[in-house]
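Chain order of the listed sequences is A and B.
Quick note on the working numbering: the first sequence kicks off at 3 and runs consecutively.
Quick note on the working numbering: the second sequence kicks off at 2 and runs consecutively.
From the three backbone atoms N, C-alpha and C, an ideal C-beta is built for every residue, glycine too.
None of the values given here were measured: they were computed from a predicted structure.
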Amino acid sequence: MRFLFGSIFAFALATLIGLGATYFALTRGAAFGALKIGAWSAYPRTGTSDADPYARASIARSGQLPTGLGDGVSFTAQTDDAGHPLDGRCDVVLSGTTPTARFWTVALYDAAGNLVANSVNRFGFTSQEIVRAADGTFAISVSPRADSGNWLPTGGIERYRLMLRLYDTPVGVATRAGKEVPMPAIVTVSCPQRQS
Amino acid sequence: MIRWALVIVVGVVLGAIVHLATIMLLPRTATQDAYSRLAAIAPVNTVTPVPPPSPDGATMPFMDPAFASAVCRYDLSSGPIKFSAPVSLAYTSVSFYTRSDIAYYAINDRAAGRRTIELELMTPDQHADMPEEEDVTAADRLIVESPTSTGIIAIRALAPEPGLMPMARGAVAAARCVPQTSASR
């Protein structure tokens, strides 16, 4: 009897640990070889045939086609530089420069990977259409309220993520975070929700 | 006490096995992966434009809204495929994915260095069966080997500003993927 209870408990524990770890790995993005710069993270190896089993599982589960390394590299940010989750009700500024690339795009998605509806049909910016300062840097205002300049509307949703994609870029598997890869800063300027 | 410690150790070890097994098996059992999503809209060995992502939904999550895209869902079992795509004004890329959505090769317009990206896609066996002289004369013939006999070719063109989107759509729609049966070779 004690043996039976012991085995049942062991199997229950195994199921819990096994499936829990799998779920955690796939939702938190636990693939190896992450390139983390500030709040941004990219998995250049996921776009190659060297993708590890974790990357393969998360590709299959998410349903997206990863950006091939000969094409470009995708960076994702879910928090600002201070580590606060990106909140669509706050005013966030994305500013600075990007690593060398022939083109880059930035786009805003909800947690499921859909674009967010807004009155001006603006879902992102490309490096060509962005308004820059005299020194070549740019600032994008990511906020629910219309703003002059580069305004990326959040639609007021609670959680969103930003994706910055570099196309035809030397950034890749061998890249290490450092001076040669300057990613734009993400700063929450004001946030009425957080104080209340 | 020792008995319960043993039970917990066994549980943790089995849990690790369950975890690794589910990670390894997941790609084979996924029904909502990119290939399955595209299989619903794209016939085999034909270039099919992918509807642009919108807030109401998209074929795949996290699609870049600045790009026009088309796919060729290929099947090499009846022979290699000849692929060509015109280069659009801004940026065009062609990425190759296996049946399990792993990107094994990608090329962009600059790497191709011409007005059209032209290449042949075949399995390693078909490449090995190619007559040798054919391989040699084709100095600037680009041959891509697919690790699986089925997969996806994704053609993507950038619209640097929204007004250029029709041009980008036209460019990806003009791509061709044509099966080369042994008779026509």
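With respect to arginine 167(A), tryptophan 106(A) sits close: the two C-beta atoms are nearer than 8 Å.
Between the beta-carbon of proline 68(A) and that of alanine 40(B) there is about 18 Å, and that puts the pair past the 8 Å contact cut. Contact note: phenylalanine 13(A) reaches chain B through Gly12, Leu15, using a C-beta cutoff of 8 Å and chain order. Within chain B, no residue has its CB atom less than 9 Å from the CB of leucine 166(A), the nearest being about 11 Å off. In terms of beta-carbon proximity, valine 118(A) lines the interface with chain B, with at least one pair separated by less than 8 Å.
In the DSSP annotation of this structure, the continuous segment of the beta strand (DSSP E) that includes isoleucine 156(B) starts and ends at 151–159. Taken atom to atom, the span from the alpha-carbon of proline 184(A) to that of isoleucine 142(A) is near 16 Å. The segment 121–171 of chain A contains, as complete beta strand (DSSP E) runs of 3+ residues, the segments 126–128, 140–145, 152–155, 163–169 (chain order). At least 8 Å separates the CB of glutamate 160(A) from every CB of chain B. By the Cβ neighbour-count rule, proline 125(B) is exposed, with fewer than 16 other Cβ atoms within 10 Å of its own. For alanine 172(B), the closest alpha carbon among the candidates Gly164(B), Leu122(B), Ala86(B) is that of Ala86(B). Taking the beta carbon of threonine 151(B) as reference, no residue of chain A falls within 9 Å; the closest one sits roughly 15 Å away. Separation of the CB atoms of isoleucine 154(B) and glutamate 121(B) is rounded to 12 Å, and the pair is thereby denied contact status at 8 Å. Take serine 89(B), set aside five residues on each side of it, and the residues of its chain with a beta-carbon closer than 6 Å to its own are Ala158, Ala169, Ala172, in chain order. By the Cβ neighbour-count rule, asparagine 123(A) is exposed, with fewer than 16 other Cβ atoms within 10 Å of its own. Between isoleucine 9(B) and leucine 15(A), the C-beta spacing is below 8 Å. In the three-state reduction of the DSSP assignment, threonine 107(A) falls in the strand class, which pools E and B. Under the Cβ criterion of 8 Å, alanine 172(B) is not counted among the residues facing chain A. Ranking Asn46(B), Ser94(B), Leu7(B) by CA distance to the CA of tyrosine 106(B) puts Ser94(B) first. By the criterion of at least three beta-carbon pairs nearer than 8 Å, the segment 30–38 of chain B is in contact with the segment 57–67 of chain A. At a cut-off of 8 Å between C-beta atoms, aspartate 170(A) counts as an interface residue with respect to chain B. Taking a Cβ-Cβ threshold of 7 Å, the residues of chain B close to glutamine 66(A) are Ala35, Met61, Pro62, Phe63, in chain order.
The beta-carbon separation of arginine 74(B) and valine 51(B), rounded to 11 Å, does not stay under the 8 Å limit for a contact. Following the DSSP letters along the chain, one finds isoleucine 108(B) inside the beta strand (DSSP E) bounded by residues 104–109. At a cut-off of 8 Å between beta-carbon atoms, methionine 25(B) makes contact with chain A. Rounded to whole angstroms, the separation of the alpha carbons of serine 70(B) and serine 78(B) is 25 Å. C-alpha of tryptophan 5(B) to C-alpha of alanine 12(A): approximately 9 Å in a straight line. Taking 4 residues as the minimum length, the alpha helix (DSSP H) runs contained wholly in the segment 12–94 of chain A are 55–64, in order along the chain. Residue contact with chain A for arginine 4(B): present (Cβ-Cβ distance below 8 Å to some residue of chain A). Residues of the segment 105–117 of chain B with a C-beta less than 9 Å from any C-beta of chain A: Tyr105, Tyr106, Ala107, Ile108, Asn109, Asp110, Arg111, Ala112, listed in chain order. Put simply, the CB of arginine 38(B) is near chain A, with a gap under 8 Å to one of its CB atoms.
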